[in-house]
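*Asks:* Per the numbering used here: the sequence shown = residues 147 to 278. Idealized CB from N, CA, C, for every residue including glycine. Below you will find the structure I want to go over with you.
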Amino acid sequence: MSGTIHVAAAVVVADDGRTLVVRKRGARVFQQPGGKPDAGENALAAVVREVAEETGIAADPADYVPLGRFTDDAANEPGHRVVGDAFLLRVGPAEATASGEIEELRWLTAAEVPDTPLANLSRNHLIRFAWR
């Protein structure tokens, strides 16, 4: 059976130009921090909450810049499509702490992207915004 999964994700960029990706427990690929909105929660509220829960980065909602809505094959749910509302978040130093469902996080340079296993939504749509 196929379906659509709605998420909110943040392209987090540190002042040194690296971008943050996370790998959830049991996943083989990295993606931008974010997740599914809770009932009644809009995309901005969801991304602010998810980034704080997953990485410890607590940013003001006003610091998130909307990038648009993107669709691709879901990374962790075979046969599903993911629709992601994406935001850009610029932060100071590259500091974050993996917590909750996050097993690993990495700060990537543009040169590291080709060799990093990324979710389709990340590789095909979101990662490019880190260096624009």
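(1) Starting from valine 153 and walking both ways along the beta strand (DSSP E), at which residues does that stretch end?
(2) Who are the near neighbours of aspartate 184 in its chain, counting only those whose CB is closer than 6 Å to its CB and skipping five residues on each side?
(3) For the alpha helix (DSSP H) that glutamate 199 lies in, which residues bound it at each end?
(4) Kindly indicate which residue of Trp253, Pro212, Arg236, Asp261 has the alpha-carbon position closest to the one of alanine 244.
(5) Using beta-carbon positions only, say whether alanine 240 and valine 157 come within less than 8 Å of one another.
(6) For asparagine 270 and alanine 232, I'd like the C-alpha separation in whole angstroms.
(7) Near alanine 242, what residues of its chain come up, given a Cβ to Cβ distance below 7 Å and the 5 sequence neighbours on each side ignored?
(8) Give me the Cα-Cα distance between alanine 173 and threonine 262, rounded to the nearest whole angstrom.
*Replies:* Walking through what the data contain:
(1) Position 7 of the sequence shown, counted from the first residue, corresponds to residue 153. Looking at the DSSP string, the run of the beta strand (DSSP E) that includes valine 153 is 149-159.
(2) Position 38 of the sequence shown, counting from 1, holds the residue named residue 184. Taken in chain order, the list of residues that qualify is empty.
(3) On the sequence shown, position 53 is the one that residue 199 refers to. Taken as a continuous stretch (DSSP letters only), the alpha helix (DSSP H) holding glutamate 199 covers 189-201.
(4) Looking up residue 244 in the sequence shown gives position 98. Checked all of Trp253, Pro212, Arg236, Asp261; the closest Cα to alanine 244 is Trp253.
(5) Here residue 240 corresponds to residue number 94 of the sequence shown, with the count starting at 1. Here residue 157 corresponds to residue number 11 of the sequence shown, with the count starting at 1. Their beta carbons are not under 8 Å apart, which means alanine 240 does not touch valine 157 by this criterion.
(6) Numbered from its first residue, the sequence shown carries residue 270 at position 124. Numbered from its first residue, the sequence shown carries residue 232 at position 86. Going by the C-alpha atoms only, they are around 13 Å apart.
(7) Translated into the one-based positions of the sequence shown, residue 242 becomes position 96. Leu166, Thr201, Gly202, Ile203, Leu251.
(8) Numbered from its first residue, the sequence shown carries residue 173 at position 27. Numbered from its first residue, the sequence shown carries residue 262 at position 116. CA-to-CA, the gap between alanine 173 and threonine 262 works out to about 13 Å.
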